[in-house]
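K.L.:
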Amino acid sequence: MLDILRLYDRDERLQAEQPGTRREAAFGVVRLVDTVSTHSTVIYSRLTAEDADQVIQREALYFKQMAHTVEWKLFSHDAPHDLGERLLSQGFSAEEPESIMVLELDQAPPSLLCRTAWISVPRFQSTVYIESTRLGKWFVRAMSQTPKGYQTTDTVCRNDGLRT
1 MLDILRLYDR DERLQAEQPG TRREAAFGVV RLVDTVSTHS TVIYSRLTAE
51 DADQVIQREA LYFKQMAHTV EWKLFSHDAP HDLGERLLSQ GFSAEEPESI
101 MVLELDQAPP SLLCRTAWIS VPRFQSTVYI ESTRLGKWFV RAMSQTPKGY
151 QTTDTVCRND GLRT
């Protein structure tokens with residue numbers, strides 16, 4: 001399980017890049033600064049008991065000066081062990097816990113591995129629906145900033161009635 005966490009941290013947090021954001025790695029954190037709206041994320045942190053409070057204050061000030069809200073993604077294996085309590089004491093609020101689910105493919109039910117159960121990417125792209133207008137508008141703006149985003153953006157616009 002530790003190998004999976006290490007890989008997850010590396011691929012989904014340390015090297016994270018998302019459309020509509022600018023990745024910044026500095027001072028023990030990785031930020032995804034929203035370039036489309038004003039909601040940014042601290043996606044990864046490597047803190048110690050000695051520097052955690054100072055880094056939390058610095059990050060809160062950094063985003064406040066940009067007039068951005070910030071979500072600090074906290075995982076149960078993040079250090080220091082009391083990082084969640086420190087974030088709460090500095091004004092962050094906790095959301096509902098989320099889980100990462102892992103499936104060992106050699107133990108997966110055969111129906112999950114059957115090719116006929118897969119959906120093709122073009123078919124999936126042609127049926128993308130955005131439930132939230134706010135999210136839909138953000139998605140359209142974010143995807144239009146990426147070289148490969150045009151076709152997806154066009155699909156979302158047609159399905160949600162949005163226009164860029």
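When we follow full-length UniProt numbering, the leftmost residue of the sequence shown carries the number 1, and every step to the right adds one.
Even glycine gets a Cβ: it sits at the ideal position worked out from N, Cα and C.
What do you get for residue 99, buried or exposed, if any count of 16 or more other CB atoms within 10 angstroms of its CB means buried?
P.N.:
Locating residue 99 in the sequence shown gives position 99, counting from the first residue. The residue is exposed, with fewer than 16 neighbouring Cβ atoms inside 10 Å.
K.L.:
Measuring alpha carbon to alpha carbon, tell me which residue in 60, 33, 57 is nearest residue 20.
P.N.:
What you label residue 20 is simply residue 20 of the sequence shown in a count that begins at 1. Here the closest residue by C-alpha is 33.
K.L.:
Check this for me: beta carbons of residue 74 and residue 87, under 8 Å apart or not?
P.N.:
For the purposes of this step, residue 74 is taken as residue 74 along the sequence shown, with counting starting at 1. For the purposes of this step, residue 87 is taken as residue 87 along the sequence shown, with counting starting at 1. Yes, the Cβ-Cβ distance between residue 74 and residue 87 is below 8 Å.
K.L.:
Where does residue 9 land, buried or exposed, given buried means 16+ other C-beta within 10 angstroms?
P.N.:
Against the sequence shown, residue 9 aligns to sequence position 9. Burial call: buried.
K.L.:
Does DSSP put residue 17 in a helix, a strand or coil?
P.N.:
Position 17 of the sequence shown, counting from 1, holds the residue named residue 17. DSSP places residue 17 in coil when its eight states are reduced to three.
K.L.:
Look at the alpha carbon of residue 172 and the alpha carbon of residue 37, and state the distance between them as a whole number of angstroms.
P.N.:
This structure leaves residue 172 out entirely; the chain is present only between 1 and 164.
K.L.:
With C-beta atoms as the reference, is residue 28 less than 8 Å away from residue 51?
P.N.:
Numbered from its first residue, the sequence shown carries residue 28 at position 28. Numbered from its first residue, the sequence shown carries residue 51 at position 51. In contact: residue 28 and residue 51 (Cβ atoms closer than 8 Å).
K.L.:
The beta strand (DSSP E) with residue 36 in it runs from where to where?
P.N.:
As a first step, residue 36 is located in the sequence shown; it is residue number 36 there, counting from the start. Looking at the DSSP string, residue 36 is not in any beta strand (DSSP E), and its letter there is neither H nor E.
K.L.:
Let me know if residue 6 comes out buried or exposed under the rule of 16 or more other beta-carbons within 10 Å of its beta-carbon.
P.N.:
Your numbering for residue 6 matches position 6 in the sequence shown. So residue 6 counts as exposed.
K.L.:
Could you tell me the distance, in whole angstroms, from the CA atom of residue 94 to the CA atom of residue 23?
P.N.:
In the sequence shown, counting from the first residue as 1, residue 94 sits at position 94. In the sequence shown, counting from the first residue as 1, residue 23 sits at position 23. In a straight line, the C-alpha of residue 94 is about 23 Å away from that of residue 23.
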